[in-house]
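A short worksheet on the structure shown next.
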Amino acid sequence: MLYALVIFGAVILGLIIWLASIDGSYNVTRSIDVNVSKEKAFELVSDFKTWSSWSPWLCMEPNADVTITKDGQGEGAVNSWVGELVGSGEIEHIKIDSENSIDQDIRFIKPFKSQSKVYWKFEDKGETSIVTWGMKGKMPFLFKFMAKNMEPWIGMDYERGLKMIKDILETGKVDSSIKIDGKENIPSTHFIGLKASCPMNDMAPSMKTSFSTIKSYTEKHQIQYNNALSVYHDFDFTKTDCEYSSGVSIPSAIPIDHSDIYNGHVEEQKAVKITFTGDYKHLGNAWSAAYAYARHKKLKVKKSVDPVEFYLNDPTKEPDPSKWVTEVYLPIK
Numbered sequence: 001m002l003y004a005l006v007i008f009g010a011v012i013l014g015l016i017i018w019l020a021s022i023d024g025s026y027n028v029t030r031s032i033d034v035n036v037s038k039e040k041a042f043e044l045v046s047d048f049k050t051w052s053s054w055s056p057w058l059c060m061e062p063n064a065d066v067t068i069t070k071d072g073q074g075e076g077a078v079n080s081w082v083g084e085l086v087g088s089g090e091i092e093h094i095k096i097d098s099e100n101s102i103d104q105d106i107r108f109i110k111p112f113k114s115q116s117k118v119y120w121k122f123e124d125k126g127e128t129s130i131v132t133w134g135m136k137g138k139m140p141f142l143f144k145f146m147a148k149n150m151e152p153w154i155g156m157d158y159e160r161g162l163k164m165i166k167d168i169l170e171t172g173k174v175d176s177s178i179k180i181d182g183k184e185n186i187p188s189t190h191f192i193g194l195k196a197s198c199p200m201n202d203m204a205p206s207m208k209t210s211f212s213t214i215k216s217y218t219e220k221h222q223i224q225y226n227n228a229l230s231v232y233h234d235f236d237f238t239k240t241d242c243e244y245s246s247g248v249s250i251p252s253a254i255p256i257d258h259s260d261i262y263n264g265h266v267e268e269q270k271a272v273k274i275t276f277t278g279d280y281k282h283l284g285n286a287w288s289a290a291y292a293y294a295r296h297k298k299l300k301v302k303k304s305v306d307p308v309e310f311y312l313n314d315p316t317k318e319p320d321p322s323k324w325v326t327e328v329y330l331p332i333k
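The opening residue of the sequence shown carries number 1 in this note's numbering; numbering runs sequentially from there.
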């Protein structure tokens with residue numbers, strides 16, 4: 001018994017020493033160019049009443065309870081929220097340098113308590129402007145090891161939010177709507193696909209190339225297919241690269257005479273299903289909702305099964321992105 005206690009004490013001491021050696025601080029920033037003046041960008045962001053239209057969190061739970069003080073503007077204004085998926089917390093305008101910068105305090109209550117500094121910068125760039133969104137802080141002692149993950153986690157959310165800010169400023173709307181269908185089975189699907197690897201930031205052009213190759217092949221061989229789809233073999237927001245297959249669904253396997261195209265099969269599997277309507281560039285909102293729903297319902301993601309997207313429209317026939325429908329499936333145990 002004494003020996004076991006000594007071992008346990010040594011492990012705890014080693015853990016404390018290891019945590020003490022970690023900095024635990026983080027500073028995450030993301031920026032985007034917008035085709036409007038910095039004054040117009042500042043006007044949007046500085047008004048809490050606009051946040052529900054571009055928030056990367058509220059977009060997955062638009063019915064969350066939101067309370068805004070001081071008409072949402074000026075130093076001391078507070079924007080608080082309570083929801084099942086978004087948890088609860090508040091953000092406050094602390095310092096405002098009109099049309100140039102905003103400093104804020106964000107205080108999370110659920111799913112866990114924490115506090116960070118949020119900051120915004122608005123800069124001229126000729127006839128356009130640059131909007132920068134940042135967060136900095138320090139993890140609690142026992143969670144200092146998680147500080148390195150704040151970069152991809154928060155950075156991903158900020159990238160999604162900035163894309164929506166850009167759309168609102170330039171077009172007046174965001175083509176992104178989420179319907180949480182809940183637990184459903186991924187339909188068993190045969191497909192021909194093309195596997196590719198690329199940096200996470202290059203997924204859009206990489207997929208465009210893959211689908212172009214698949215489309216040319218189906219036209220050349222007069223292959224009839226249903227929907228297009230993507231299967232994510234290695235997709236982790238904490239990594240810089242990803243691996244996926246893009247393809248089209250077919251009734252059954254067929255002979256292939258292309259060195260890079262293959263017959264694949266998506267097995268029927270339990271999953272969280274999200275129906276997303278809107279521009280593909282905002283599909284990250286759907287995946288964020290899928291993971292948030294799984295966490296809220298205490299569903300375990302099945303990492304041994306690849307997530308899938310089914311595209312129910314052909315963009316070459318339906319040019320309006322607001323009408324594009326995508327079914328997202330996150331496999332669960």
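Yeah, the Cβ is synthetic: ideal placement off N, Cα and C, and Gly gets one too. Since the model is a prediction, treat every value here as computed from it, not as a measurement.
Need the endpoints of the alpha helix (DSSP H) that residue i sits in, please.
i      : result
MET207 : 203 to 220
LEU44  : 38 to 45
LEU283 : 283 to 296
So for residue i, helix, strand or coil by DSSP?
i      : result
THR240 : coil
ILE256 : coil
ILE223 : coil
THR171 : helix
SER52  : helix
ILE157 : The residue asked about is misnamed: residue 157 is Asp in this sequence, not Ile. DSSP places ASP157 in helix when its eight states are reduced to three.
PRO321 : helix
ASN313 : coil
LYS273 : strand
LEU142 : Because the pLDDT of LEU142 is 49, which lies under 50, any placement of that residue in the model is unreliable, and the number read from its coordinates should be weighed accordingly. Note: LEU142 maps to helix in three-state DSSP.
LYS163 : helix
Using a Cβ-Cβ cut-off of 8 angstroms (strictly less than) and excluding sequence neighbours within five positions of residue i, which residues of its own chain qualify?
i      : result
ILE332 : LYS183, LYS270, ALA271, VAL272, ALA294, LEU299, LYS300, VAL301 and LYS302
SER188 : HIS265, VAL266, GLU267 and GLU268
ALA253 : HIS190, ASN263 and HIS265
Please list the terminal residues of the continuous beta strand (DSSP E) segment that includes residue i.
i      : result
HIS265 : 261 to 266
CYS198 : 189 to 199
ALA228 : 228 to 234
ILE116 : According to the sequence shown, residue 116 is Ser rather than Ile. Counting along the chain, the beta strand (DSSP E) containing SER116 begins and ends at 114 to 125.
LEU330 : 325 to 331
SER176 : 176 to 186
SER80  : 78 to 83
LYS70  : No beta strand (DSSP E) contains LYS70, which DSSP labels as neither H nor E.
GLY87  : 87 to 97
LYS110 : 101 to 110
Kindly list the residues whose CB is nearer than 7 angstroms to the CB of residue i, restricted to its own chain and excluding five residues on each side of it in sequence; keep chain order.
i      : result
TYR217 : HIS258 and ILE261
GLY278 : ASP175, SER176, SER177, PRO321, SER322 and TRP324
GLU194 : Per the sequence shown, residue 194 should be read as Leu rather than Glu. Contacts found: SER210, THR213, ILE214, SER245, SER246, GLY247, ASP260 and ILE261.
THR69  : ALA77 and VAL78
LYS125 : ASP33
TRP54  : GLY161, MET164, ILE165, ILE168 and VAL174
TRP287 : VAL328
SER31  : ILE130, VAL131 and THR132
THR50  : LEU44
Between residue i and chain D, is any beta-carbon pair separated by less than 8 angstroms?
i      : result
SER259 : You won't find chain D in this structure, because it holds only one protein chain.
If you compare alpha carbons, which of the options is closest to residue i?
i      : options                           : result
SER129 : GLU84, GLU268, HIS296 and ILE165  : ILE165
TRP133 : SER46, ILE91, LEU162 and VAL328   : LEU162
ILE106 : SER98, HIS93 and TYR311           : HIS93
PRO315 : LYS208, TRP287, LYS179 and GLU243 : LYS208
HIS296 : LYS136, SER80, PRO111 and ILE102  : PRO111
ASN263 : SER197, GLU327 and PHE191         : PHE191
GLY72  : CYS59, GLU123, GLN104 and ASN100  : GLN104
LEU58  : SER80, SER46 and ASP47            : SER80
VAL28  : TRP153, THR67, ASP97 and ILE96    : TRP153
ILE256 : ALA290, ILE274, TYR291 and LYS220 : LYS220
ALA204 : GLU123, GLU127, LYS317 and GLY284 : GLY284
ALA289 : MET200, LYS113 and LYS179         : LYS179
ILE96  : ASP241, ASN35 and GLU75           : GLU75
GLU99  : PHE108, GLU123, VAL118 and LYS113 : GLU123
SER46  : LYS136, ASN35, ILE91 and ASN63    : ILE91
GLY155 : ASN226, MET200 and LYS317         : MET200
LYS121 : TYR225, THR275, PRO251 and ILE102 : ILE102
Using a Cβ-Cβ cutoff of less than 6 angstroms, which residues in the same chain neighbour residue i once the five nearest sequence positions on both sides are dropped?
i      : result
VAL363 : The structure shown does not extend to residue 363, since the chain spans only 1 to 333, so no value can be given for it.
ALA228 : VAL248 and TYR311
SER230 : TYR244, SER246 and GLU309
HIS282 : SER176
GLU61  : GLY83, LEU85 and VAL86
CYS198 : SER206
Inset, instruction - Mind the definition here: the stretch 27 to 41 touches the stretch 156 to 170 only if three or more C-beta pairs lie below 8 angstroms; say whether that holds. - result: Yes, since at least three Cβ pairs between the stretch 27 to 41 and the stretch 156 to 170 fall closer than 8 angstroms, the two stretches touch.
Inset, instruction - State whether the stretch 307 to 325 contacts the stretch 223 to 238, with contact taken as three or more CB pairs (one from each stretch) at a distance under 8 angstroms. - result: Yes: at least three Cβ pairs fall under 8 angstroms.
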